[in-house]
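Undergrad: Input: one structure, supplied below.
Numbering (the working numbering), first residue to last: 3 to 344.
Quick look at the structure:
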């Protein structure tokens, strides 16, 4: 099992931030995970699982053993009367998986198109966009225990999904953060397929084209177009996508905020709470285009922080904290970050 030493992580995080992994192992199979667990030096060492690096901010070198997840493969595992079950390796690009399902005729993931990162990271973050979260499509997750090396298949019901949260992010009793690694993900594409619509951008697209019943391919193409127009390509401008979570507040809190800021963008949720648009609040505080060193707020979307070329992780964190204080001062809302700050 090759152990790479002093690995430059700049190419392996979408922000393009400088950091070094003291030790890195490329995981291309379940057996590779077990080899790490059984290794006399690596087995007891702290470990950090690295997928596409699209949801991390590196502020320092990584002393934990980095497990670079590269398990490949996409397949139709099973066809049931009510669904297609798709299995993908944790190292597969998430967008590649979504595109594959559309091309193969297994619709249901199209609203999650063009979200950066790997398949293995998707359940950890409970990724979501345009009215759909991965919890709505997850069948089960294959994991390997990082202490015993044992494999397990966890159904979606035990994953403790929340807004951008899951059991894989939670530490302490019952949490699996740092205790297991996801090797494969099984997704459930339901039959019969029904489009998930209702977001303003999608309604505009339907109105423009005059299509009241769009196909999964049309929704996929629309969402790719919308995201490319709003969000920078990490291959061109370093970023980690949406940097802050959209906060959830009670209906009463929302009414208070609307009383002060009538134009705030908000979305009522099925449970009676209200989701506020963090990007709108950041823009309202005047942050769009502002910078701290090499880190800046993207001019087209205030929810995205970018690397202007030579940013360091500390500059990104300083900018993020300044934005949090500004939004709290005006709205009384403490924004939470989406990416993991290391």
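Note that CB positions come from ideal geometry on N, CA and C, so glycine has one too. In this text the structure is predicted, and so the values were computed from the model without any measurement.
Starting from residue 34, follow the beta strand (DSSP E) in both directions and report where the run begins and ends.
TA: Run containing residue 34: none in the beta strand (DSSP E); it sits in the alpha helix (DSSP H), 32 to 40.
Undergrad: First and last residue of the alpha helix (DSSP H) that includes residue 284?
TA: It spans 280 to 286 - the alpha helix (DSSP H) in which residue 284 sits, taken as one unbroken run.
Undergrad: Below 8 angstroms on the Cβ atoms is my guess for residue 190 versus residue 89; work out the distance and round it to an integer in Å.
TA: With a Cβ gap of about 11 angstroms, residue 190 and residue 89 do not count as contacting.
Undergrad: Which whole-angstrom value is the C-beta distance of residue 401 and residue 61, which I expect to be below 8 angstroms?
TA: Outside the modelled stretch of the chain, which goes from 3 to 344, sits residue 401, for which no answer is possible.
Undergrad: Run through the DSSP bridge pairs and tell me what residue 183 is partnered with.
TA: Partner(s): 146.
Undergrad: Between residue 241 and residue 16, how many whole angstroms is the CB-CB distance? I'm expecting something under 8 angstroms.
TA: Right, the Cβ-Cβ distance comes to about 6 angstroms (below 8 angstroms), so this counts as a contact.
Undergrad: Going by other Cβ atoms of all chains shown within 10 Å of its Cβ, with 16 needed for buried, is residue 1 buried or exposed?
TA: Within the shown structure, residues of the chain are numbered from 3 to 344, placing residue 1 beyond reach of any answer.
Undergrad: Can you give the Cα-Cα distance for residue 51 and residue 206, rounded to whole angstroms?
TA: The alpha-carbon atoms of residue 51 and residue 206 are separated by roughly 40 angstroms.
Undergrad: To the nearest angstrom, report how far apart residue 171 and residue 212 are at their CA atoms.
TA: Going from the Cα of residue 171 to the Cα of residue 212 covers about 42 angstroms.
Undergrad: Determine the DSSP secondary structure at residue 195, reduced to helix, strand or coil.
TA: Coil at residue 195, not helix or strand.
Undergrad: Pull the bridge partners of residue 167 from the DSSP assignment, please.
TA: Answer is 164, bridged to residue 167.
Undergrad: Let me know if residue 69 comes out buried or exposed under the rule of 16 or more other beta-carbons within 10 Å of its beta-carbon.
TA: Classification of residue 69: buried, given that the 10 Å Cβ count is 16 or more.
Undergrad: Per DSSP, residue 247 is paired with what?
TA: Looking at the DSSP assignment, residue 247 forms no beta bridge with any residue, so it has no partner.
Undergrad: Would you kindly report the start and end of the unbroken alpha helix (DSSP H) that includes residue 208?
TA: Per DSSP, residue 208 belongs to the alpha helix (DSSP H) from 202 to 211.
Undergrad: Would residue 134 pass as a contact of residue 155 if the rule is Cβ separation under 7 angstroms?
TA: Cβ atoms of residue 134 and residue 155: not closer than 7 angstroms.
Undergrad: Using the three-state DSSP reduction, which class does residue 261 fall into: helix, strand or coil?
TA: It is helical.
Undergrad: Are the beta-carbon atoms belonging to residue 247 and residue 303 less than 7 angstroms from one another?
TA: No, they are not a contact pair.
Undergrad: Since residue 54 contacts residue 103 with CB under 8 angstroms, what's their CB separation in whole angstroms?
TA: With 8 angstroms as the limit, residue 54 and residue 103 do not qualify as a contact, their Cβ atoms being about 18 angstroms apart.
Undergrad: What number of angstroms, rounded off, separates the C-alpha of residue 87 from the C-alpha of residue 138?
TA: Approximately 13 angstroms between the Cα atoms of the pair.
Undergrad: Smallest Cα separation from residue 255: which of 153, 209, 268 and 219?
TA: For residue 255, the nearest C-alpha among the options comes from 268.
Undergrad: Between residue 128 and residue 301, what straight-line distance do the alpha-carbon atoms span, to the nearest angstrom?
TA: Their backbone Cα atoms lie some 27 angstroms apart in a straight line.
Undergrad: Flag this pair as yes or no: are the beta carbons of residue 182 and residue 126 separated by less than 7 angstroms?
TA: No, these two residues do not count as a Cβ contact at 7 angstroms.
Undergrad: To the nearest angstrom, how far is it from the Cα of residue 329 to the Cα of residue 72?
TA: One C-alpha to the other measures close to 38 angstroms.
Undergrad: Inspect the beta-carbon positions of residue 307 and residue 319 and report whether they are closer than 7 angstroms.
TA: Not a contact, by the Cβ cut-off of 7 angstroms.
Undergrad: For residue 157, report the span of its alpha helix (DSSP H) as first-last.
TA: Run containing residue 157: none in the alpha helix (DSSP H); it sits in the beta strand (DSSP E), 153 to 157.
Undergrad: Using DSSP with H/G/I as helix, E/B as strand and the rest coil, what is residue 336?
TA: Coil, per DSSP.
Undergrad: Mapping DSSP to helix, strand and coil, what is residue 315?
TA: Residue state, collapsed to three classes: helix.
Undergrad: By the 10 Å Cβ neighbour count, where 16 or more other Cβ atoms means buried, how is residue 238 classified, buried or exposed?
TA: The residue in question, residue 238, is exposed, as its Cβ has fewer than 16 Cβ neighbours within 10 Å.
Undergrad: So, for residue 35: in the same chain, excluding its five sequence neighbours on each side, which residues have a beta-carbon less than 8 angstroms away from its beta-carbon?
TA: Hits under 8 angstroms: 29, 69, 146, 148, 151, 183 and 185.
Undergrad: Taking only the alpha-carbon atoms, compute the straight-line gap between residue 93 and residue 45 and give it to the nearest angstrom.
TA: Distance between the alpha carbons of residue 93 and residue 45: 21 angstroms.
Undergrad: Which residue marks the beginning of the beta strand (DSSP E) containing residue 22, and which one marks its end?
TA: Taken as a continuous stretch (DSSP letters only), the beta strand (DSSP E) holding residue 22 covers 22 to 29.
Undergrad: Assuming residue 310 contacts residue 296 under a Cβ cut-off of 8 angstroms, what Cβ separation, rounded to an integer in Å, is found between them?
TA: Yes, they are in contact, since the Cβ atoms of residue 310 and residue 296 sit about 5 angstroms apart, within 8 angstroms.
Undergrad: Does at least one heavy atom of the ligand GDP sit under 6 angstroms from the Cβ of residue 139?
TA: This structure simply doesn't include the ligand GDP, nor any ligand for that matter.
Undergrad: Between 218, 59, 178 and 244, which has its C-alpha nearest residue 315's C-alpha?
TA: The shortest Cα separation from residue 315 among 218, 59, 178 and 244 belongs to 59.
Undergrad: So what does DSSP say about residue 120, is it helix, strand or coil?
TA: Three-state DSSP puts residue 120 in a strand.
Undergrad: If you draw a straight line from the alpha carbon of residue 108 to that of residue 220, how long is it in whole angstroms?
TA: Their Cα atoms are separated by approximately 14 angstroms.
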